[in-house]
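Chemist: Dropping a structure here in structure tokens format, bear with me for questions.
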Amino acid sequence: MSFTLAIVGRPNVGKSTLFNRLVGKKLALVDDQPGVTRDLREGEARLGDLKFTVIDTAGLEEATDESLQGRMRKLTERAVDMADVCLFLIDARAGVTPTDEVFAEILRKRAPRVVLGANKGEGSAADAGVLEAYGLGLGEPVRLSAEHGEGMADLYAALMPIA
Ligand code: GDP
Ligand code: MG
270 MSFTLAIVGR PNVGKSTLFN RLVGKKLALV DDQPGVTRDL REGEARLGDL
320 KFTVIDTAGL EEATDESLQG RMRKLTERAV DMADVCLFLI DARAGVTPTD
370 EVFAEILRKR APRVVLGANK GEGSAADAGV LEAYGLGLGE PVRLSAEHGE
420 GMADLYAALM PIA
């Protein structure tokens with residue numbers, strides 16, 4: 270059975286990098302396809318033998334009249350409502366920030382299933398951030414490096430029960 274995964278989290282944690290890795294670079298530029306908004310990119314992902322739809326919450330960095338916080342909230346809620354499961358990414362090098370806490374709160378209230386990803390997890394600089402991530406109360410974090418392709422087997426294991 271197929272499912273839809275929304276990658277959510279504050280700007281710069283590596284959402285699009287992971288999206289591109291899951292979807293494949295060739296398919297990542299889907300903005301022009303009908304039904305795909307600029308703010309939410311959608312693609313067909315592959316991870317091992319799992320195939321699923323993945324949504325990237327993009328467009329957060331664009332300047333608008335609305336505050337970043339308000340914009341993030343709206344986009345995240347839209348993505349959450351479209352998804353069967355959310356992958357909430359934090360930057361393990363930065364640790365858990367107040368903005369991450371805001372996201373965690375939205376997800377605890379609204380998302381039926383959340384997988385927590387501690388991205389930028391390569392190297393020991395991420396060790397403290399990975400431990401901090403347990404404190405979000407969203408279960409065991411999956412340590413990832415979207416850029417280097419590390420932790421993909423653990424992500425697979427976290428998503429497999431949903432498929
Ligand atoms: P987004 O704003 O959440 O979509 O984040 P991006 O995917 O645009 O990534 C933001 C920055 O983090 C870019 O410079 C990426 O190259 C970098 N980045 C993404 N994943 C990793 C990672 O696993 N490790 C490191 N060190 N940097 C990463
Ligand atoms: Mg992005």
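Residues are numbered in the working numbering as their position in the sequence shown, beginning at 1, plus a constant of 269.
Yeah, the Cβ is synthetic: ideal placement off N, Cα and C, and Gly gets one too.
If you're wondering where the values come from, they're calculated on a predicted model, not measured in any experiment.
If you run the structure through DSSP and keep just helix, strand and coil, what is I359?
Modeler: strand
Chemist: Pull up the CB-CB distance for G364 and E311, whole angstroms please, since I reckon it's below 8 Å.
Modeler: Wrong, their Cβ atoms sit about 30 Å apart, outside the cutoff.
Chemist: Could you check what DSSP says for N289 in three-state terms: helix, strand or coil?
Modeler: Secondary structure at N289: helix, using DSSP grouped into helix, strand and coil.
Chemist: Please check the pair V349 and A387, which I expect to be a contact at CB under 8 Å, by giving their CB distance rounded to whole angstroms.
Modeler: Going by Cβ atoms, the distance from V349 to A387 rounds to 20 Å, so no, they are not a contact pair.
Chemist: What whole-angstrom Cβ distance do F372 and G278 have, given they're in contact under 8 Å?
Modeler: 6 Å
Chemist: Less than 7 Å separating the beta-carbons of A314 and L291?
Modeler: Result yes, Cβ atoms of A314 and L291 sit closer than 7 Å.
Chemist: Candidates M351, A327 and K320: which alpha carbon is nearest M341's?
Modeler: Each of M351, A327 and K320 was checked against the Cα of M341, and the nearest Cα belongs to A327.
Chemist: Could you round the C-beta distance between G317 and E416 to whole angstroms and report it? I think they count as a contact, below 8 Å.
Modeler: G317 to E416, Cβ: 19 Å. No contact.
Chemist: Which class does D318 belong to by DSSP, given the choice of helix, strand or coil?
Modeler: coil
Chemist: For A458 and M351, I'd like the C-alpha separation in whole angstroms.
Modeler: No answer is possible for residue 458: it lies beyond the span of the chain, which begins at 270 and ends at 432.
Chemist: So, with DSSP's three-state summary, where would you put L344?
Modeler: helix
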